[in-house]
Amino acid sequence: SGSMYGEPIIEARAAMQEFVKNLDATDQVAVLAFSSGVTSLQDFTANRTQITNAINKLTPFGDTALYDAVLEGTRKAAAFQTSRKLVVLLSDG
């Protein structure tokens, strides 16, 4: 959302980058953004460059479609064929 402008989005990006660095090399990651709606920035991949690029695209604007993001993230994770699943959500509110 727009309230993430400035230092909050910088810190959120850094936290996500650090989280991804600590995953196993074979772990697959998808990146979704949410503001007034939910947008897929990167589908599941183990390619760390693509994941980093998607995280860097996170831009603060709009409202906070938090519940929509939770639903879409869990739907996407449930449909992905892997035994280990996790949804991480970062928000300032």
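Just remember that our numbering sits 2 ahead of the position in the sequence shown, which is counted from 1. Using N, Cα and C, we set each Cβ at its ideal position, and we do this for glycine too.
Would you be able to state if there are at least three C-beta pairs under 8 Å between the stretch 69-88 and the stretch 29-44?
Contact between the stretch 29-44 and the stretch 69-88 is present, because at least three Cβ pairs lie under 8 Å.
Starting from Leu70, trace the alpha helix (DSSP H) in both directions and tell me its first and last residue.
This sequence places Asp at residue 70; Leu is not what is there. Residues 68-81.
Judging by CA-CA distance, which residue of Asp65, Ser3, Ala32, Lys59 is the nearest neighbour of Asn49?
For Asn49, the closest of Asp65, Ser3, Ala32, Lys59 by C-alpha to C-alpha distance is Ala32.
Take Thr84 and list the residues in its own chain whose beta-carbon comes closer than 7 Å to its own, dropping the five residues that flank it on each side.
The answer, listed in chain order, is Gln30.
Within 7 Å of any Cβ in chain C, is that where the Cβ of Ala48 sits?
Chain labels in this structure do not include chain C; a single protein chain is all it has.
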